[in-house]
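Residue numbers (our numbering): 39 to 378.
Here is the structure we will look at, set down as structure tokens.
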């Protein structure tokens, strides 16, 4: 091995970041703990494939963002990678709704979300709806793209936006920027129940001075330990107006392409409805249904819907596999699920 090769190898495996900090940032310990927990809970099912293969499948699914399907809410929100992965899975599974131009209500979107995450909370869906509609009328229909970009922002930056809401309410109450308290992590955990429930009426007023809110947000970013939108994007949005309301600020952030690229879950708005790989799968499915003798029966329609969902979902993961009976047609199919 030459001196250059030895130096290159040392540079690749020598990290300037302390080991504990690297493990904390990469969440390796979290995923390893979950993999072991899943293995122990379903040992009889997984050991037949071999432990080595199991761990290879688990971490491959994490790398490919397929690991969040049918997992509990606490799991899908546990890491930034999980949050972005879930948003992308939701987009891929239901992109055809946007392509067809259908507008759905809050409860309809929640039903779709719960097909992928059974305990997905209604409060998160309602927060996304308020961002889209910016008023009390959160039961009105929303386009798929508007809802999903708003959901992405609310879900990915939940803790930070909860803190911004608390600051916004203090400014509405007339507190000076010098006395506005930057929320701590313990106060963040009370959101959205305390802030969203008690303060939404306040948050839907005419707004506050954009420059004042910008100063407070900049101070918040200095002290915030979790993910937050890029400061340049928030500053750009706030510089475009003199007064701003909380939800109009969020909607501008939700539509900001740089923030979308930072999260990395969804395509650009211009390419939102484009997914060639998925389109090919759906074309094959439609062709199969069209030549089926019972293609016009209700039973075939149900089977077709199940097949669309199966193909639209990412690859089935080894650590979520179990059999479920399909009552509609008496057949069985293998799907993934997860228990708390």
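Note that beta-carbon positions come from the ideal geometry of N, C-alpha and C, so glycine has one too.
Spatially closest choice to residue i from the options, by CA coordinates
i	options	result
residue 289	257, 64 and 190	190
residue 91	207, 73 and 124	73
residue 121	150, 100, 67 and 213	100
residue 142	123, 185 and 115	185
residue 302	161, 123, 97 and 77	123
residue 110	154, 84 and 262	154
residue 205	71, 250 and 103	250
residue 116	149, 140 and 193	193
residue 261	273, 271 and 202	202
residue 93	169, 108 and 69	69
residue 139	305, 179, 195 and 167	179
residue 144	66, 118 and 188	188
residue 102	59, 283, 126 and 307	126
residue 195	62, 56, 300 and 89	300
Assigned secondary structure, residue i (DSSP; H/G/I helix, E/B strand, else coil)
i	result
residue 161	helix
residue 292	helix
residue 79	helix
residue 167	helix
residue 303	coil
residue 263	coil
residue 430	Outside the displayed range of the chain (39 to 378) lies residue 430, so it cannot be described from this structure.
residue 60	helix
residue 142	strand
residue 247	strand
residue 172	coil
residue 106	coil
residue 181	strand
Inter-residue Cα distance where the pair is residue i and residue j
i	j	result
residue 208	residue 177	28 Å
residue 171	residue 130	24 Å
residue 293	residue 183	10 Å
residue 254	residue 269	12 Å
residue 295	residue 312	17 Å
residue 235	residue 285	For residue 235, the pLDDT reaches just 46, beneath the cut-off of 50, and the residue's location in the model is therefore unreliable, leaving the point undetermined.
residue 97	residue 213	49 Å
residue 210	residue 258	17 Å
residue 147	residue 181	10 Å
residue 336	residue 133	Per-residue confidence for residue 336 stands at a pLDDT of 38, beneath the threshold of 50, marking its modelled position as unreliable; no derived number is given.
residue 385	residue 59	The first residue shown for the chain is 39 and the last is 378, placing residue 385 beyond what the model contains.
residue 56	residue 112	28 Å
Sequence-distant residues of the same chain with beta carbon closer than 8 Å to residue i, five excluded per side
i	result
residue 64	none
residue 151	128, 158 and 163
residue 297	191, 267, 268, 271 and 291
residue 169	188, 191, 192, 285, 288, 289 and 292
Other residues of its chain near residue i: CB distance less than 6 Å, five sequence neighbours each side excluded
i	result
residue 279	248
residue 114	106, 120, 124 and 155
residue 84	77 and 92
Contact set for residue i: own chain, Cβ-Cβ below 7 Å, skip 5 residues either direction
i	result
residue 281	244, 245, 246, 247 and 248
residue 264	197 and 198
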